[in-house]
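*Asks:*
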Amino acid sequence: MKPKRMADALAVAVLGGWASIAAAIGDMPGGPKVNQLNLTAPVTRIAEEQHWIHWFVMWICVAIFVAVFGVMFYAVWKHRKSRGHAPASFHESTAVEIAWTVVPFLIIVGMAIPATRMVVEQKDTANADLTVKATGYQWKWGYDYLKGDGEGISFLSMLSTPRDQIEDRNYPDAKARREQNPTYLMEVDNPLVVPVNRKVRVVITANDVIHAWYMPALGVKQDAIPGFVRDTWFKAEKTGVFRGQCAELCGKDHAFMPIVVDVRTEADYLKWVEEKKKEMLARTDDPTREWQLADLNARGEKVYAANCVACHQANGKGVTGSFPALDGSKVVLGKSQAQLDVVLHGRPGTAMAPFRQLSDVELAAVVTYTRNAWGNKASDNVVQPSEVTAARR
Amino acid sequence: MSAVLDHPGDHAHGHAHDHPSGWRRWLYATNHKDIGTMYLWFSFAMLLVGGVNALLLRTELFQPGLQILRPEFFNQLTTMHGLIMVFGAVMPAFVGFANWQVPLMIGASDMAFARLNNFSFWLLPVAASLLIVSYFVPGGATAAGWTLYAPLSVQMGPGMDLAILALHLMGASSIMGSINIITTILNMRAPGMPLMKMPMFCWTWLITAYLLLAVMPVLAGAVTMVLTDRHFGTSFFNAAGGGDPVMYQHIFWFFGHPEVYIMILPAFGIISEVIPTFARKPLFGYSSMVYATASIAILSMIVWAHHMFTTGMPVTGQLFFMYATMLIAVPTGVKIFNWVATMWRGSMTFETPMLFAVGFIFVFAIGGFTGLIMAVAPLDIQIHDTYYIVAHFHYVLVAGSLFALFSGTYYWIPKWTGHMYDERLGKWHFWASMITFNITFFPMHFLGLAGMPRRYADYPMQFADFNAVVTIGAFGFGLSQLIFLWMVIRCIKGGAKASDRVWENAHGLEWTVPSPAPFHTFETPPVVK
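For the record, the sequence lines run as chains A and B. Quick note, this note's numbering runs 6 ahead of the 1-based positions in the first sequence. Quick note, this note's numbering runs 193 ahead of the 1-based positions in the second sequence.
#1: Put residue 646 of chain B into one of helix, strand or coil per three-state DSSP.
#2: Along the alpha helix (DSSP H) that carries residue 405 of chain A, what are the first and last residues, could you check?
#3: With H, G and I counted as helix, E and B as strand and the rest as coil, what does DSSP make of residue 215 of chain B?
#4: Anything in the stretch 125-155 of chain A with a Cβ closer than 7 angstroms to a Cβ of chain B? List those residues in chain order, please.
#5: Figure out for me which residue from B:720, B:718, B:717 and B:711 has the closest Cα to the Cα of residue 212 of chain B.
#6: In its own chain, which residues sit with a C-beta less than 7 angstroms from the C-beta of residue 651 of chain B, not counting the 5 before and 5 after it?
#7: Say whether chain B places a C-beta atom closer than 8 angstroms to the C-beta of residue 206 of chain A.
#8: Report the neighbours of residue 587 of chain B on chain A: residues whose CB is nearer than 7 angstroms to its CB, in chain order.
#9: Looking at the structure shown, is residue 207 of chain A part of a helix, part of a strand, or coil, going by DSSP?
#10: Is the CB-CB distance between residue 225 of chain A and residue 50 of chain A below 8 angstroms?
#11: Is residue 344 of chain B closer than 8 angstroms to residue 215 of chain A when the C-beta atoms are compared?
#12: Name the residue from B:267, B:266 and B:277 whose alpha carbon lies nearest to the alpha carbon of residue 243 of chain B.
#13: Across which residues does DSSP place residue 217 of chain A in a beta bridge pair?
#14: For a test of the three-state rule: what should DSSP assign to residue 186 of chain A, helix, strand or coil?
#15: Could you give the C-beta distance for residue 374 of chain B and residue 415 of chain B, rounded to a whole number, given that I count them as a contact under 8 angstroms?
#16: Taking only the alpha-carbon atoms, compute the straight-line gap between residue 709 of chain B and residue 300 of chain B and give it to the nearest angstrom.
#17: Classify residue 243 of chain A as helix, strand or coil using the three-state DSSP reduction.
#18: From what residue to what residue does the beta strand (DSSP E) around residue 142 of chain A run?
#19: For the beta strand (DSSP E) that contains residue 342 of chain B, what are its first and last residues?
#20: For residue 319 of chain A, which residues in chain B fall below 8 angstroms Cβ to Cβ?
#21: So for residue 250 of chain A, helix, strand or coil by DSSP?
#22: Check whether the stretch 662-669 of chain B touches the stretch 616-634 of chain B, counting contact only when three or more Cβ pairs, one atom from each stretch, lie closer than 8 angstroms.
#23: What does a CB cutoff of less than 8 angstroms around residue 420 of chain B pick up in its chain, not counting 5 residues either side in sequence?
#24: Any idea what DSSP makes of residue 671 of chain B, helix, strand or coil?
#25: Under 8 angstroms by Cβ, that's how I've got residue 163 of chain A and residue 149 of chain A pegged, so tell me the actual separation to the nearest angstrom.
#26: On the DSSP letters alone, give me the boundaries of the beta strand (DSSP E) that residue 199 of chain A sits inside.
#27: Considering only the beta carbon of each residue, do residue 451 of chain B and residue 407 of chain B sit closer than 8 angstroms?
#28: Express the C-alpha separation of residue 383 of chain B and residue 719 of chain B in angstroms, rounding to a whole number.
#29: Kindly say whether residue 474 of chain B, judged by its beta-carbon, lies nearer than 8 angstroms to any beta-carbon of chain A.
#30: Just to make sure I have the definition right: I need the residues of chain A whose C-beta is within less than 8 angstroms of the C-beta of residue 303 of chain B. Which are they?
#31: Looking at the secondary structure, which residues open and close the beta strand (DSSP E) in which residue 457 of chain B lies?
#32: When DSSP labels each residue in this structure, what does residue 177 of chain A get in the three-state scheme?
#33: Ends of the beta strand (DSSP E) at residue 270 of chain A?
#34: Is residue 191 of chain A helix, strand or coil when you go by DSSP?
#35: Take residue 262 of chain A as the anchor and find which of A:213, A:311 and A:192 has the nearest alpha-carbon.
#36: Of the residues B:331, B:314 and B:268, which one's Cα is nearest the Cα of residue 282 of chain B?
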């Protein structure tokens with residue numbers, strides 16, 4: 007029987023006929039398999055080597071384990087008082103003690119040799135074909151293409167699983183919905199797109215707290231540290247969509263900021279670069295133009311849903327004790343200058359991060375939206391992008 | 194000094210004077226046995242509190258989706274589970290054992306500093322109250338993980354400040370306890386007992402106490418820097434002010450790695466007492482056990498950054514910490530081989546202390562091997578911060594420290610209470626714990642290898658079955674500990690009268706005093722031949 011089938015059988019046996027949720031939905035394309043027992047199927051040489059060294063080290067451990075506990079359980083079985091075994095009285099043997107110090111040491115040296123070679127290889131980020139910056143935000147990822155084809159492309163990537171699949175307390179049919187979704191929690195709106203068989207260097211940093219960029223299939227995990235840049239690399243040998251998640255505790259929505267990498271052929275990648283650049287050009291907003299309230303509100307609602315809703319909630323009421331309400335907030339109803347200051351610089355020492363990375367139009371729109379939404383009727387109710395431009399200085 | 198001066202007075206007044214009763218006996222306690230008892234009850238209470246935290250979060254993880262907890266509260270539970278278990282349950286439990294057993298085993302009349310002993314215990318309930326109260330302040334308890342990584346811990350609400358204060362108190366308590374244990378062991382051994390003839394439990398505690406002295410102040414420094422970053426405008430961990438968030442991790446793990454040995458070395462000591470008794474054969478390789486313990490302690494100070502392989506260290510850093518970490522397998526292996534050799538050709542019986550000791554070696558070895566696997570830095574890149582590490586440290590901390598604590602409790606409780614415990618309950622407790630422990634933690638290896646990150650309030654559907662199994666196991670394991678509680682209560686209330694020696698082949702000074710051990714023992718030091 008294959009290990010996976012055995013695991014299924016075991017799960018069913020333990021749960022006594024309880025229907026397996028995982029089996030019903032099937033493997034995740036590019037993500038974990040149902041009851042997966044080992045590391046994720048590799049698509050880079052680094053990941054393949056990790057598989058190899060895992061088996062290598064594990065079999066050595068299993069062999070030692072069987073030998074040591076073979077001896078122990080033999081003694082437990084044979085050398086017991088109830089079988090009339092009389093105790094021996096030996097209590098030391100220099101030769102044996104030296105042997106079982108030296109032999110394990112040699113085994114460890116044997117493990118360290120291939121591991122050393124792999125460390126050197128993993129850390130070698132030189133001569134990359136494409137350099138991408140990944141920035142961790144609470145709770146999404148931002149990607150900037152820094153060097154190579156696609157230079158200048160920049161976008162945010164966030165969880166696309168709707169909340170009505172996640173929150174059973176607010177959506178009674180959430181369970182039924184997520185059981186139709188094989189990529190539950192490991193899907194995003196804008197995946198990172200890269201070409202196959204090219205060395206991609208990922209420069210990683212963070213905006214607020216520490217995150218970690220973790221892609222099992224690529225054999226990569228690198229912490230994203232605010233204020234510092236670190237780098238890692240991968241060279242995907244297969245096209246396809248591969249999935250990972252944030253691996254460093256980063257607050258409330260730690261479990262809800264997945265990573266998706268879409269590996270395409272060179273031609274498809276270049277086509278995507280073309281399209282993305284056109285799309286970005288079309289989306290460029292003119293921050294000097296005067297905007298109407300209705301337009302700002304409509305745009306602001308979207309920005310709010312993407313950036314603010316996780317803490318301040320859709321109804322603007324926040325979460326008592328954790329995240330302040332915006333509905334009726336003194337800051338939101340007060341002078342726009344003060345509110346812009348909070349949005350641009352965050353509130354140090356709280357979960358309120360700076361949002362400087364948003365454009366002037368986006369910031370103007372979201373501030374305007376909060377000043378008019380819910381029960382709010384701020385006197386100073388329209389904030390123009392030009393005011394944001396000024397406030398940034 | 195005054196303790197010495199008081200002493201003749203006690204005798205003049207008889208024993209009524211130093212036998213306070215009612216609440217005064219406990220609040221003003223200076224007797225090592227009373228203080229040991231308080232430590233043990235306190236740590237068991239904390240074990241239950243930490244266990245309830247764990248069961249709540251396992252309930253949320255029973256199925257995918259968010260059913261009962263909000264993610265921010267989930268994070269509070271994982272954080273507090275870790276803090277309470279490490280600082281509230283495991284560490285004080287070992288200090289409780291030290292209090293009861295070290296004076297009895299070295300033939301001392303009490304701990305060296307009786308009032309310091311009282312103070313170091315009574316700091317703990319205060320610290321625990323701060324932690325528990327922190328659930329009810331605005332924003333709730335700290336949710337930054339038990340490691341309290343900056344800058345996430347800088348973002349937290351006032352619950353974080355209470356946790357910092359609690360850690361300071363618990364750290365002070367540990368430092369005072371260590372000073373007491375070191376002084377007692379170095380100065381108060383019975384005539385004729387050189388260090389190299391001292392019971393192994395005292396050796397492991399002596400080394401542990403030095404580790405505590407070395408690293409608890411480092412933890413205090415780390416959390417103090419978080420406190421000043423939070424409130425007083427410093428930027429130790431804030432890059433914008435010239436600080437470095439990764440520096441927090443270096444400081445924390447400089448404490449944190451020795452800390453895991455602080456929680457396991459006394460466990461090694463207990464196992465080294467139990468196995469020779471029930472194998473009816475002296476401990477194999479006594480001096481190599483001492484040297485192995487000391488080597489582990491020294492190595493533990495130079496391996497901390499293996500917790501940080503994914504922070505982006507230079508190649509040389511990764512290699513150094515990988516080699517140093519793998520090296521720890523050697524002295525740890527020596528210990529396991531020595532225990533097996535002690536059992537070899539013995540005449541074994543399997544009362545509950547021995548069951549837990551053999552169980553300890555078996556499951557602790559699994560945790561040791563997964564530790565070696567994770568020491569391989571290029572592989573750790575895959576499994577760092579996944580459920581694999583959760584499985585690993587529960588194998589060494591639950592199956593390691595906790596099982597050793599159970600083993601020690603069954604071993605010495607007849608001496609403490611004067612009654613034999615109920616062997617049937619003990620066996621039930623062992624088998625229920627052993628089986629449910631493995632149901633809970635073994636599947637986590639698979640989840641980790643498959644890439645499920647730790648500290649996740651919700652997870653992809655493909656991980657659902659193993660998570661369901663884990664939750665069922667966790668409830669089984671939690672409930673199994675009620676058998677232990679019931680056993681202890683019954684043993685205190687009554688049971689077969691325990692003899693002085695209790696176990697057929699028990700050696701050591703603690704077995705020469707009556708059972709239960711009288712309030713004062715070894716008022717004149719025994720002479721060891």
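Cβ atoms here follow ideal geometry from the backbone N, Cα and C, with glycine treated the same way.
*Replies:* Let me spell this out:
#1: strand
#2: Outside the displayed span of chain A (7 to 399) sits residue 405 of chain A, for which this structure offers no information.
#3: coil
#4: Hits within the stretch, in order: 125, 126, 128 and 129.
#5: B:711
#6: 257, 258 and 259
#7: no
#8: The premise fails here: residue 587 of chain B is roughly 18 angstroms from chain A at the closest Cβ pair, so nothing lies under 7 angstroms.
#9: strand
#10: yes
#11: In contact: residue 215 of chain A and residue 344 of chain B (Cβ atoms closer than 8 angstroms).
#12: It is B:277.
#13: A:230
#14: coil
#15: With a Cβ gap of about 24 angstroms, residue 374 of chain B and residue 415 of chain B do not count as contacting.
#16: 16 angstroms
#17: coil
#18: 136-143
#19: From DSSP, residue 342 of chain B is part of no beta strand (DSSP E); its letter is neither H nor E.
#20: In chain order: nothing, as chain B lies at least about 11 angstroms away.
#21: strand
#22: yes
#23: Cβ within range, chain order: 354 and 357.
#24: Here residue 671 of chain B sits in helix by DSSP.
#25: 6 angstroms
#26: From DSSP, the beta strand (DSSP E) with residue 199 of chain A extends over 198-201.
#27: yes
#28: 6 angstroms
#29: Residue 474 of chain B counts as touching chain A.
#30: Here the premise fails: no neighbours, minimum Cβ distance about 32 angstroms.
#31: That residue, residue 457 of chain B, is in no beta strand (DSSP E); it is neither H nor E in DSSP.
#32: coil
#33: 265-270
#34: Judged by DSSP in its simplified three-state form, residue 191 of chain A adopts coil rather than helix or strand.
#35: A:192
#36: B:314
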